[in-house]
Each structure stands twice: as C-alpha cells, then as structure tokens.
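Okay, structure first, notes after.
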Amino acid sequence: MKKIKKRGFVMTGGGAKGLYEAGVIHAFHIAGMEFDVITGSSIGAMNSAFFAEYLYQKRQLPEQVLQDPLLAVETMDPLVKAYHHAWLLMPDKRVIDDSPQGPFGKLKDDLLGFNLSLPQVIRLIWWWTDPERKKLPEPGIWPAVLKLVRELLERLGGAGEVLRIFKDHRQSLVQEAVRTYLARFGMAHSLIPPGEDSKIKDIFTQPVSPLRLEHLQGQVNAPDDAGVKKYSLLDPERTLRDYTSQGIEVRLTRANYRTGRLEISAYISVGDFMRFMQKQAWRLQKYDPDKIPLGSFRLQVPGNPNAINAAICSGRFPGVFTPFPIQDIYPANDPENSLLQRMLTDWLNDSQVEASMSQEYQNSKQQSSEGQDGWNRLYASWRDSQNMRAFFPMETDTYVDGGAIDNTPSNSAVDYTREWAEQTGHSKREVDLELFIIFLGKEPMVSKEEAHDPNLYQVVRRTLDIVNVAKQSSETNTVSTVNTFGKRGEDLGQALKLVLESYQENLGNLSEDQRHQIETVLREKARQIGQKGYLGEEAGGILERMEHWANEHMANGLPLNVEEVKIYPEEMPLDTLQFTERLGYRKENAIKMLTMGCNNTLWALREHLAKQSEDELDERDRLVLTLIKEWMDIGEWPKDQNDLSSLRDDWKCLRTACVFHPQSCPRGARKPGVK
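Residue numbers for the sequence shown follow my numbering, so the first one is 13 and each next one is one higher.
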C-alpha cells in the first residue's frame, strides 16, 4: 500500500546564523518545495513565519500561474529577494545599538570615566570574595574603597540611593548595584532596552525593495529608483489561522518564564484544544517533573496567535531582550482568543469557558458513554487540579526564547502529523512524514592538527560547539531510534497477521471439537503470559480477537514513520549575536551563508529524491525534481550512489536570474565547464 506523504520543515535557532536558513528558503523557493507543517524556534521562528507567508501568498496566485512552475517561481521571486535584502540590511537597523548615541556607546563612555584602576579593582574583588575577610578592609585596600565609594555615589544616583542598596539588598549588593547602574542606560532588564526591540518587527513588516546586484557590489542600503515596488515580508495583522486556512500548519516554540515549560504558538481551535485535553490532561493532573521532563511536553492552549508576535516571542534571547507578554501573542480583539483570555484570568471557573468546552465535548466523537454526568466529573477534575492550573499560562505570564528548551522542534511537526492522522481516520503507519531539518552548526569534527595542544580558549570554544550540535542532533537521533522500533513492530505485526490467516484457513478444515480444543490451548497460553488484550471470556473467537488486537495496535499503537533530511553547513562564518560590524558582522560572510544554504539544500533535495523509486515519488516530488534539473548542471545521476563526493563538489547552478549568480555564488560565478 502506498503511504500518504506529509512534509515538514524545521528551522532551529541561532541569531545571525539564521542567514543560512534564508538561503535554504531560497532553494525551496526555486525548487517549488511546499510543506504541510513548518516549525521553528528562536530565529528559526522568524524565518518560519516568513516562509509561511510566502506559501500563503503563492497559493493566492491565479491558477494559470500555478500551473506553470517556472512562472510561479519568477512571480514569487521579488518577495524572496526582498526577504534577502531585509536580512542584509539588518546591521543598518542596529537591533543591538552599538552606535555612540546608543545605550552601549553611552555605557562605554561612562566606563571610560570610571576613576578606578584595574589593580585596584582586582584588589577589591579579591578581598570581597575572601571567605575569611575581616569586616573592615586592610589598610592597603582603603584607597581603592574610598575611590569606589566616590564612583558609586556619582553613578548610582547619590548617597540616598547607595544607602538604599546597602539597607535593602544586603544579600545581593553587587547584583543590585549593577542593576541600578545599568538602569541609567535603559539596560536594567535587557541589553536591548524595552521598546528598541520593535526594530525586529519593523524588519519583517516594513516594505523593502528586492535585492539587486548593485546592493551586493556596493551598499545594501543604496537608494531605490523611483517606482521600485517594495514588499512587506509579513502582514503585521496576519494570524496563524490564516496560514492554517491554506493548509499550512505553523508551530513555533516558546518557553514560559514562570513555569520554565515549553508551549506551542499555533492556531488551536476550541475543538482541537478539547482533543488535546482529553488525551493529555491526566499527565498534568498527576504532574511529576520526573515524568514530564523539560522539553518532552509541548503545551497547547486555545487561540489564534498573531504571526509576527508569536515569532518574535520565540526569538526572545534571554538577557538580550525582555521576556515577551502573552497578551501580545493573543490579541484580545480576536474572537478566537476569547476562551484563552477568560482562562488566563479565571481559569476554568468561568461559566462561558465551561459552556464552550461542554459544547465541544458533546460534539466530540470521543464522547464518553457516561454522558453529561461523566463530562461534569471530568471538567470538575480539571478545574480543581492545582497542578494543572499552575502548568497553564496566567494573564501576567511572559516568555523567553523557545530554543532555550527545544532548539530542534521536530517533535512539533510529528505532533501535528499524528493529530492529522487521528482526525482524518488514518492509521499512523499509513502516513510518512518527510522532515527537512536545518542545523545552524556544522558537525563538530576538527583536524588532527587542530586537536593537538589546544589553548584555554580553544578548549572552551570546542566544548561549546560540541554541546550546541549535540543538543540539536540528539532529538533527531531519538526520531531515528523510534523509526527503527516502529518498523520492527510493523514487521512483527504483519508476521502475526500472516500466522493468524494461516491458522484460520487450517482451522476451517477441522471439526468443531478440534477447533475448540486448539482455541482453548491458545487461550490458556495467552492467560499464562498475562495477555488480556484478546483473552476474552471464552476460548471461542480468540483468533478473531487476536487479529482485531493486532490491527488495532498496528493502526494506533505504533509510532509515526519519520524520514529526516538533515541539512548542515560546512562552516558557520557568522556567530549568534553578530548583527553589527562591531560585533563581528561582515557582509561577505552573510552572503556566503545565504549561498551556502541554497546550494546545500538543492543538493540535499536532489540526493534525497534520487534515493526514491518512481513509485515512491508523488506529484510534488516530480515537480521539484523537474525544477532542480532545470537549475542544477549535473547531467545524468549516477546509478552508483556510494561515492558522490566529486559530483557534490563540482556541480554548477544555471539560474542566471539569481542576484547572487554572477559574482557571489560559488556555484554560479563561473560558467559550466570553465575552470
């Protein structure tokens, strides 16, 4: 039986490294790749929102355009070029303002005026951290103490403020003094002052012109000619329901600052929320941190998130941005959010909340035979559970970077596909999820020479690189393990069904007494091993019960099959916070990341499709393959796929309409065949 194919796109977090994902999106654009579910965390959430908007606008194109894949690519090309232009303009936006007039510049100037030498600072720190220090400084430390007091009086707001700190914060003097000092520059709560973070939203919602060749050759902020059409990457009023209506499921992670738990920003109708509660509420009622580890449970709440705010919330890098309020994710003026707004303030004690959920329960196919009384008891158990109330968000809750807990949100794509299968009446083993996962860190292998005699910095940096990549890859390894056991379970189930069919055929040729004797022996053996699933009250019909049990377990008891396509960079020229030149941003490195993301993705798609037989390819696969062959100068794909290294290194891109092609892209800068 040919399985139903669903496609997922997973984008991870990494700040400025998200430029690589922008290149991946370009490859999916020119290859005509589309997805059923898109998930993202941190900067991956921002890129997810854009790609969902891209697919949304693409599906609004006239039918005659959609029928011509090449025309569809060219029609959507200006939007993608505007997206790349916005990325390259980011340093000019000064998301992290390091200008002389910005908070960092003012902090720098103030520190330069700090009249305390480094030796004096070290002497003070050494004395303060000595567990056996005396109450008063030793005579040699007094000059440094007096200087420090003078500086504190000047920088902390006078003697009154200094006395307040000593009086009210004896256990955290240094922490409170630093907080008070940074408050002078608007940095008491985050490196980027509240309000300044609106620049991120502006980048994705304010119109920008498509990227042109002269932007790459000169200044990316060169003025546009009159009449140049500009594009908003994302409608600021767009909601995640808009995407769902076009068959594009978007799920973005967020980490609740209060609970420390993972939540999902997605369009969740009241009916979807009821299905989630009927399946998962028992876990929250019996909440035990050992049974619900961080990252293993993805809380769903009803509502219709604003798309750009949900993405910004997911990218709330701790310390750089202030935590993001839940009220800004779910606009109160959207009727879809009324249930959640009531739950935030009065939990399940609100009569309208109870009425809405009761109606969905009555409409649910999963309604218990206990009827209204059963529902009343179930709802009361939810309402009265303090564990559950503490787990769910409250009206004052705020959020930090979703990538802090789940930086490879592939499980969100698996959740969606499993829910889709259940709602449409399909067995999970009838569905294959093809999952494209983008990593923002290269495999942490170094050469023998690099590994020899490392210095302190190299050891620390190397360890962090290993930890970051391991964090991302561990989840995908888990998926691979689950796939293996799922396949083995399916094979065992098919073998059991084959045996049962053979039994049924042979028993049909026996007398009733002989059949009963065999069924009795079979039931007794089942009883001895403690099997209750098909034991029954009597021996008769045990084979039929076994077959039903096997079919049920194969349909609903085995995991979803997930085929992962992992796309890694060969290198990472930019680091997480390198948004400005002072912090390490370089335009040539940004372009390198964009083109690398595109090239790697085109190759991954071509290699992935080459592994599939003609019968396994669906209509979307064939369209993608056609477009890839249009752009990739490879020729006939070799039958022997064991060694593709030379082909991987030498192929050329033929898409001359690409703004990077003439000079910036290593695959397009030279004509095919020219060394």
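Where is the CB? At the ideal position from N, CA and C, for every residue including glycine.
The Cβ atoms of F451 and I579 lie closer than 9 Å to each other. CA-to-CA, the gap between L606 and Q72 works out to about 27 Å.
The three-state secondary structure of I554, taken from DSSP, is helix.
If only complete runs of 4 or more residues are kept, the stretch 605-648 shows the alpha helix (DSSP H) at 631-643, in order along the chain. By the criterion of a C-beta distance shorter than 7 Å, P103 is surrounded in its chain by F591, T592, E593 and Y597, once the five residues flanking it on both sides are discounted. Judged by their CB atoms, Y373 and G315 are not nearer to each other than the 9 Å cut-off.
For E163, the enclosing alpha helix (DSSP H) stretches over residues W154 to R167. Apart from sequence neighbours up to five positions away, the residues of its chain that approach E366 with a beta-carbon distance below 7 Å are L360 and Y391, ordered along the chain.
In this structure, S281 lies away from R263, with their beta-carbon atoms at least 9 Å apart.
No beta strand (DSSP E) of 3 residues or more sits fully in the stretch 217-250. Ranked by Cα distance from G383, the first of Q312, S370, Q76 and G125 is S370. Pairing T265 with R430, the inter-Cα distance amounts to about 18 Å. Restricting attention to Q183, S184, L659 and A189, the CA atom closest to the CA of G172 is found in A189. Annotated three-state conformation of D89 is helix, per DSSP. In terms of Cα proximity to R224, the closest of V92, E524 and L572 is V92.
Taking T436 as reference, the option from L351, P337, K147 and A567 with the minimal CA-CA separation is A567. In the structure shown, the three-state DSSP call for G315 is strand. With a beta-carbon spacing of about 13 Å, D413 and A322 fall beyond the 8 Å limit used to define contacts.
For M23, the uninterrupted beta strand (DSSP E) segment begins and ends at I16 to M23. The DSSP-derived three-state label of D427 is helix. Taking all protein chains in view, the Cβ of I50 is crowded by 16 or more other Cβ atoms within 10 Å, so the residue is classified as buried.
Linking L148 to L101 through their CA atoms gives a straight-line distance of about 54 Å.
Per DSSP, the continuous beta strand (DSSP E) segment holding S277 begins and ends at L274 to S277. A direct Cα-Cα distance of roughly 34 Å separates G114 from V471. Selection E600, V574 and N611 evaluated against F21 yields V574 as nearest (Cα-Cα). C-alpha of D662 to C-alpha of C677: approximately 13 Å in a straight line. A contact between stretches requires three or more CB pairs, one per stretch, nearer than 8 Å, and the stretch 548-562 meets this requirement with the stretch 508-525. Taking the CA atoms as reference points, Y269 sits about 5 Å from Y411. Inside the stretch 19-66, DSSP marks whole alpha helix (DSSP H) runs of 4 or more residues at positions 30-42, from first to last along the chain. Between E275 and R310, the C-beta gap is smaller than 9 Å, which places the two residues in contact.
K213 and V232 have their alpha carbons spaced roughly 20 Å apart. Comparing C-alpha distances from E600 to each of N521, D109, G230 and D362 shows the shortest one belongs to G230.
With respect to A622, F448 sits apart: the two C-beta atoms are not nearer than 9 Å. In the three-state reduction of the DSSP assignment, A267 falls in the strand class, which pools E and B. In the structure shown, the three-state DSSP call for L447 is strand. Non-local C-beta neighbours of Y428 in its own chain, meaning closer than 6 Å and more than five positions away in sequence, comprise V49 and E261, ordered along the chain.
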